[in-house]
Amino acid sequence: MSEWVRVCAADDIDDEDLIRFDHDDRTYAVYRTEKGYFATDGLCTHEDQHLEEGLVTGMVIECPLHGGRFDIPSGKALSAPVCLDLKTYAVRLEGDQLYIEL
Amino acid sequence: MTGFVATNAASSGVKIDKKQLKAIARRSDRPGIVYLVQWGLSLGATATLVWLALDTWWLWPAMFLHGVFLTVPSYSFSHETAHGTAFRTRWLNEVVFWLTSLLYMEEPLRRRYTHTNHHTYTWHTNKDSQMPFDTPMDFKGWLIEVSGLALLRFHASHLPKLACGRYSDVVRSVTPESELAKMTRNARIFLAVYGAIAGLIIADVTWPLWFLVLPRLLGGPVMMLFTLIQHVEMQEDSPSILESTRSFKTTWLGRFLYMNMNNHVEHHLYPQVPFYGLEALGEAVADQLPDPDPGVIRTNVEVLSVVIRRSLGMSTKAATIRQAPHMITEGGFERVAQRSVR
C-alpha cells in the first residue's frame, strides 16, 4: 500500500540540484531539474555512497565518489562504474509542497 | 561495503559550501580540449626534436624529453578520464580514456574499477587495490618502483591474463561480473595493437621504436616520481585523506604534465572535481588542509634520503616533507602494507 509523503517546499531544492530525504529507515534523493521534480533511491547502486553531494547535469545525476551516472527520470545506470539501475519514485507538487509516493 | 565509510571529505572532516563545490565541479569540454591541443603541440615539438636527432647521440636525450611529454600526461589523462571528469561530453571522455590507457598500458576497465576501489579505501592495507609498493618503503623498494620495473612487470602480465579470461582476486573483488567479458575483449584489442607495433619493428619499420616504444620506457621513471609522492611515507589505514595523502607544490610545467594532480589531497577529498577545478578547490578549503609539501624534485630527494637511511638502519626523520608518525624511526622498521597492484 503506497502513500504520499511530504518531502519539503519545492523552493528548498535549488535549480539543477537534489536534496536528501530520509523516511522510515530509508533514504532517498529528490531532484529539481529542467524537466521537473523527480525522486530515486538515495544510495548509489555501486558502493552505497549517498548521492546528495552528487552533481546534477541536465537529467543526469553523477555519484560524488566514483562518478557513476544515472538518468534521473528512469534511474537507468548510464556509465561505469555503475551497472545496476536506481529505483525511482513518483513525485507530486501540491501548491508549493513536494510529495513522494512510497 | 559492510558499514565502511569511504575515504573522502566526509571521512576527513573537511567541509565546503555545496553551492561553491557545485560551481567548482561544473563540467565543461573546453579545458579538456585546450589541454588536448596543448599536449598534441608539445608532442609535435618533442617528436620533431627526435626526428632532428636521428643518427646522432642527441637522439637519447631527445627521446627522453619526448618520453616525458608522452608518458606523464598519458598517465594523467587516463586517470582523469577514468573519473569521467575531463570532458562534459561523455563519448569524448571515453575515446581519450581508451587512447591514453593504451599509451599507459593498462586495460581501461581494470584501471577504472581498481581506481574506484582506491578512492573507497585510500591507502588501506589489504583493501586498496592500487597500493603500488610495500610500506614503509626501503631503498630496494624505491629502486624497483622508480625504475618502473614493477609497473612494467604488471603491465606485461595483466593483459595476457585478462585476454585469456583469467581474473585475479583483486579484479574479481572490484569489478561487476557483467564487466569481466568486456575486460577480456579490451585486453585482446590492446595486445593486437601492441603486437602490430612489435610486428612493424621486426619488419624493420623503426619509427615506432624512436617515437613511441623507447620514449615510453624512458619517460616511465619520471611518471613514477610524480605518482610515488602521492602517498609514500603517509599513514596507512586512516579514514582521513589528510593523513594518507600528500599534496605538493610544483611549477607550471609540473601542473601541466600532471594535470594539477599535485593537489592530490583535494582530489581525494572531492574526486568529482575536474582537473581544472582543483586549484580553486584547494583555495576554498586551504584553511582545513595541511600545507602542501615542497616541489616534485625536493620532495623526491627527501623521500630518497629517507628510504636510504631506512635501509641503513638510520634515523628516518625527513626535514620538510610530511610523514606518518610510525614512518619516523631511529633504526629498523616493520612492514605495514604489501604491494597490491598485481
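Quick note, the sequences are listed as chains A and B, same order. For what it's worth, this note's numbering labels the leading residue of the first sequence as 524, then goes sequentially. For what it's worth, this note's numbering labels the leading residue of the second sequence as 51, then goes sequentially. Just so it is clear, CB atoms sit at the ideal spot from N, CA and C, and this is done for glycine as well.
Is it right to say residue i is buried, meaning 16 or more other beta carbons lie within 10 angstroms of its own, or is it exposed?
i, result
"R615 of chain A", "exposed"
"P111 of chain B", "exposed"
"R543 of chain A", "exposed"
"H546 of chain A", "exposed"
"M524 of chain A", "exposed"
"S126 of chain B", "buried"
"D67 of chain B", "exposed"
"R372 of chain B", "buried"
"V553 of chain A", "buried"
"W107 of chain B", "exposed"
"W302 of chain B", "exposed"
"N176 of chain B", "exposed"
"T98 of chain B", "exposed"
"P375 of chain B", "exposed"
"G245 of chain B", "exposed"
"P210 of chain B", "exposed"
"D254 of chain B", "exposed"
"E585 of chain A", "buried"
"W141 of chain B", "exposed"
Starting from residue i and walking both ways along the beta strand (DSSP E), at which residues does that stretch end?
i, result
"H318 of chain B", "Careful: H318 of chain B lies outside any beta strand (DSSP E), inside the alpha helix (DSSP H) at H314 to L319."
"S597 of chain A", "Unbroken run through S597 of chain A: none, as it is neither H nor E."
"Q620 of chain A", "Q620 to E624"
"R529 of chain A", "W527 to A532"
"H546 of chain A", "D540 to H546"
"I584 of chain A", "V583 to E585"
State yes or no: is the beta carbon of residue i nearer than 9 Å to at least one beta carbon in chain B?
i, result
"P604 of chain A", "yes"
"V528 of chain A", "no"
"P596 of chain A", "no"
"T580 of chain A", "yes"
"G618 of chain A", "no"
"Y577 of chain A", "Checking the sequence shown, residue 577 of chain A turns out to be Gly, not Tyr. Answer yes: the Cβ-Cβ gap between G577 of chain A and chain B drops below 9 Å somewhere."
"L588 of chain A", "yes"
Strictly under 9 Å for the Cβ-Cβ distance: is residue i near chain A by that measure?
i, result
"H208 of chain B", "no"
"T170 of chain B", "yes"
"L11 of chain B", "Look at the range of chain B in this structure, 51 to 392, and you will see that residue 11 of chain B is not part of it."
"M51 of chain B", "With a pLDDT of 43 at M51 of chain B, under the threshold of 50, the predicted position of this residue should be treated as unreliable, though the coordinate-derived value follows. Chain A, which has a Cβ nearer than 9 Å to the Cβ of M51 of chain B, makes this yes."
"P81 of chain B", "no"
"Y154 of chain B", "no"
"Q88 of chain B", "no"
"K367 of chain B", "no"
"Q322 of chain B", "yes"
Between which two residues does the alpha helix (DSSP H) carrying residue i extend?
i, result
"Y154 of chain B", "R140 to Y154"
"S361 of chain B", "V346 to S361"
"R44 of chain B", "Any property of residue 44 of chain B remains undetermined from this structure, which presents chain B solely from 51 to 392."
"L267 of chain B", "L264 to L278"
"Y85 of chain B", "R80 to A103"
"G559 of chain A", "Taken as a continuous stretch (DSSP letters only), G559 of chain A belongs to no alpha helix (DSSP H), being part of the beta strand (DSSP E) at G559 to D564."
Any heavy atom of the ligand HEM closer than 8 Å to the beta-carbon of residue i?
i, result
"L115 of chain B", "This structure simply doesn't include the ligand HEM, nor any ligand for that matter."
Segment contact flag, the region 305-317 of chain B with the region 256-268 of chain B, C-beta cutoff 8 Å, min 3 pairs: no
Start-end ranges of the alpha helix (DSSP H) lying completely within the region 197-249 of chain B, minimum 4 residues: 199-213 and 219-224
At least 3 beta-carbon pairs within less than 8 Å: the region 61-68 of chain B vs the region 81-91 of chain B: no
At least 3 beta-carbon pairs within less than 8 Å: the region 146-163 of chain B vs the region 600-616 of chain A: yes
Stretch-stretch touch, CB-based, cutoff 8 Å, three pairs: the region 171-186 of chain B with the region 142-150 of chain B: no
Three CB pairs or more closer than 8 Å across the region 278-296 of chain B and the region 343-351 of chain B: yes
Validate contact between the region 214-232 of chain B and the region 70-78 of chain B using beta carbons, cut 8 Å, 3 pairs: no
The region 115-125 of chain B touching the region 356-370 of chain B, judged by at least three CB pairs closer than 8 Å: no
The region 186-197 of chain B contacting the region 130-137 of chain B, beta-carbon criterion three pairs below 8 Å: no
The region 309-320 of chain B / the region 187-207 of chain B touching (three or more Cβ pairs under 8 Å): no
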